[in-house]
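Participant:
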Amino acid sequence: MSWGTELWDQFDNLEKHTQWGIDVLEKYIKFVKERTEIEISYAKQLRNLSKKYQPKKNSKEEEEYKYTSCKAFLATLNEMNDYAGQHEVISENMTSQITAELARFVQELKQERKSHFHDGRKAQQYIETFWKQLEASKRRFERDCKEADRAQQYFEKMDADINVTKADVEKARQQAQIRHQMAEDSKAEYSSILQKFNHDQREHYHTHIPNIFQKIQEMEERRIVRIGECMKTYAEVDRQVIPIIGKCLDGITKAAESIDQKNDSLLVIEAFKSGFEPPGDIDFEDFTQPMKRTVSESSLSNSRWDGKSEPKPGSKSKGKLWPFIKKNKLMSLLTSPHQPPPPPPASASPSAVPNGPQSPKQQKEPLSHRFNEFMTSKPKIHCFRSLKRGLSLKLGGGPEDFSNLPPEQRRKKLQQKVDELNKEIQKEMDQRDALTKMKDVYIKNPQMGDAASVDHKLAELGQNMEKLRLEAQKFEGWLAEVEGRLPVRTEQSRRQSGMYDTQNTSGLNNCAQDRESPDGSYTEEPSQESEMKVPVTEFDDEFDDEEPLPTIGTCKALYTFEGQNEGTISVMEGEMLYVIEEDKGDGWTRIRRNEDEEGYVPTSYVEVYLDKNAKGAMTYI
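Quick note on the working numbering: the sequence shown kicks off at 12 and runs consecutively.
1. Is it buried or exposed, L145, if we count other Cβ atoms within 10 angstroms and call 16 or more buried?
2. Express the C-alpha separation of E411 and G564 in angstroms, rounding to a whole number.
3. Would you grab the beta carbon distance between W31 and Q228 for me? Rounded to a whole angstrom, and I think it's under 8 Å.
4. Check for me: the alpha helix (DSSP H) holding Y453 runs from which residue to which?
5. For C259 and D441, I'd like the C-alpha separation in whole angstroms.
6. For the alpha helix (DSSP H) that E50 lies in, which residues bound it at each end?
7. Could you check what DSSP says for A462 in three-state terms: helix, strand or coil?
8. Helix, strand or coil, according to DSSP, for V499 in the structure here?
9. Just mark N59 as buried or exposed, buried being the case when its beta carbon has 16 or more other beta carbons within 10 Å.
10. Does S310 pass the burial test, meaning 16 or more other C-beta atoms within 10 Å, or should it be called exposed?
11. How would you write the range of the beta strand (DSSP E) that M587 sits in, first residue to last?
12. Considering only residues of the region 230–293, which uninterrupted alpha helix (DSSP H) runs meet the minimum length of 4 residues and lie entirely inside it, listed in chain order?
13. According to DSSP, what are the bridge partners of L621?
14. What number of angstroms, rounded off, separates the C-alpha of S197 from the C-alpha of A159?
15. Might you give, ordered along the chain, the residues of its own chain that have their beta carbon closer than 6 Å to the beta carbon of Q514, omitting 5 neighbours on each side?
16. Identify whether F208 lies in helix, strand or coil by the three-state DSSP scheme.
17. Between the Cα of Q575 and those of G596, Y611, F486, spot the shortest distance and give me the residue it belongs to.
18. Rounding to the nearest angstrom, what Cα-Cα distance links N174 and E181 in this structure?
19. Would you list the residues sitting across from W599 in a DSSP beta bridge?
20. Straight-line CA distance for E593 to L560?
21. Going by DSSP, which residues form a beta bridge with N605?
22. Can you give the Cα-Cα distance for K448 and K438, rounded to whole angstroms?
23. What three-state label does DSSP hand F128 in the structure shown?
24. Considering only residues of the same chain and omitting the five flanking positions on each side of E200, which have a CB-CB separation below 6 Å?
25. Which residues share a DSSP beta bridge with I582?
26. Express the C-alpha separation of K68 and V619 in angstroms, rounding to a whole number.
27. Please return the same chain residues whose Cβ sits closer than 6 Å to the Cβ of G262, not counting the five positions on each side in sequence.
28. Whole angstroms is fine: what's the gap from V236's alpha carbon to Y53's?
29. Mind checking whether I138 and D211 have CB atoms under 8 Å apart?
30. Enumerate in chain order the residues of its own chain whose CB-to-CB distance from R443 is below 6 Å, with the five nearest sequence positions on each side excluded.
31. Can you tell me the Cα-Cα spacing of R480 and E99, whole angstroms?
32. With burial defined as no fewer than 16 other Cβ atoms inside 10 Å of the residue's Cβ, what is the status of R12: buried or exposed?
33. Hey, quick one: how far does the alpha helix (DSSP H) through S414 stretch, first residue to last?
34. Can you round the beta-carbon distance between R601 and I591 to whole angstroms, since I take them to be within the 8 Å contact cut?
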């Protein structure tokens, strides 16, 4: 079916229809543009989402990604990043293959449509003008015929009238002949124009207009085909990225399947394993015997009133207790209170209590006792290093040898440090080799550079390598010591390792006896800077090897005391405890509940019963 034959008289409707077709094409272009914008926005949001949850460098989150579940999540984030890239590809392909191509096609279509309808209008105007000429010729022929008929009637009337002169009759006859001649001329002209018009009209409706409408029809069909092809391309652009998107989803599935709960459990063990042995059995305490007794060395119970003492089964060997003590309890073993003790509660009168507590300022030691203690005490200057280390631990820092960590964690940290130093050494060696080659090139080809200019850098690299090697040896020595004493390192094994000599061991015992004092000073371990080539300061061994101070009596808590400061211990009214260090005149008495709970309480808060046979004991009056 052809528009030229079937729609020969629908010129205006065809013009509207073709304009509607172009509008549809432009609407589809707008639709694809908005789709590409959505794809770009979606891809950007996906990338931002992936970036938001990526682990930050040099942060704790980066360490967490050693677990398989976190690795799978990281792989998911990376796959989502690639997934976003495919949506960007969709947007780019739609823009280049659909939007841009259709925009050019619409411009061409508009120009072609304009040309075709211009030719149609031109042909339409021509036939309309010719029709007007035909109509004018027809009216002129009709008028001339009417004029000739009137002239003939007038001549016949004059010729029949006997009163009219011959001259008038002749004039009327001539006038009638002229009118007849004009009518004949108009008839001939009208006939000629009519024949030409009919010919042109047939050409217009059977040749020109069909040709123009056929071109318009072809143009419209091309538009329809083109929009169909673009819709197919629209689907193909999506279909092209489906395999890659499928690979991304397969990668996420594979990452999820790679999660190994057993491996993650082992990593948790590696991360938090301390290397200590579980505590031994708790010895039976016979309360039918006199109060003079010592607490079992394997005791690991908590406060008597907190109801949380639940002994753990284990070997009978002595376990390391300090890792299980809370941080404030651990620091209470290192320091004594620096501020004066609080006064007893105002509601209780010391006179109402038998043998009531004395004021700290009233408690004085005999001068001879102070003098003898001063003369027999050992110099403590060798413990300043331990004091400095203890303060650094208290302030939140850590020793260089990681001695503040449990053995297993310390071993891991030392191994990590050794690996880092070896990498630095290898890097320096690579730089040295490169400079050596450069120097050889300069020696063979002096015009390329001065060989002597490299010597300074080589010497600097040599010094750096030597420093790094010494540092690595130092950490390797600490690592060897830790690996040699896991899970438990005793005093005898340290003697065999050669890291401690007899003098240091005796200094350690002396320092352990004077470890704490009420004025806040403490010592932990003798300095080894001048006596050892390899510096070893074991924070955990100090607590493991030092014997607990012996009890010199017992005491009864007269009032409840909340030990909130470091070095103090909380007691409940009426509780019986052990005295391990008497009041030195500062108003504080050091007591012990069990092996891992000891500290200072105000002397006025307890009633003390000292053992007269204990060394250095003094009876309160």
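Backbone N, C-alpha and C define an ideal beta-carbon position, used for all residues, glycine too.
Keep in mind that this is a model prediction, so the values were computed, not measured.
Facilitator: Judging by the given coordinates:
1. buried
2. 40 Å
3. Not quite, the Cβ-Cβ distance comes to about 15 Å (not below 8 Å), so this is no contact.
4. 418–455
5. 39 Å
6. 22–63
7. coil
8. Reliability fails at V499, whose pLDDT of 41 lies under 50, so the model's placement of it is uncertain and the value that follows must be treated cautiously. In the structure shown, V499 sits in coil (DSSP, three-state: anything other than H, G, I, E or B).
9. exposed
10. Here S310 scores only 41 on pLDDT, less than 50, and its place in the model should not be relied on; the value that follows carries that caveat. It counts as buried.
11. 587–592
12. 272–283
13. G564
14. 11 Å
15. Its pLDDT being 38, under 50, Q514 is placed unreliably in this model, and the value from its coordinates should be taken loosely. No residues qualify anywhere along the chain.
16. helix
17. Y611
18. 14 Å
19. P613
20. 12 Å
21. E608
22. 16 Å
23. helix
24. S148
25. First, the residue type needs correcting, since residue 582 is Val and not Ile in the sequence shown. F572, per the DSSP bridge assignment.
26. 58 Å
27. E90
28. 31 Å
29. yes
30. L472
31. 51 Å
32. The sequence shown places Met at residue 12, rather than the Arg named in the question. It is exposed - the Cβ of M12 has fewer than 16 other Cβ atoms within 10 Å.
33. Unbroken run through S414: none, as it is neither H nor E.
34. 5 Å
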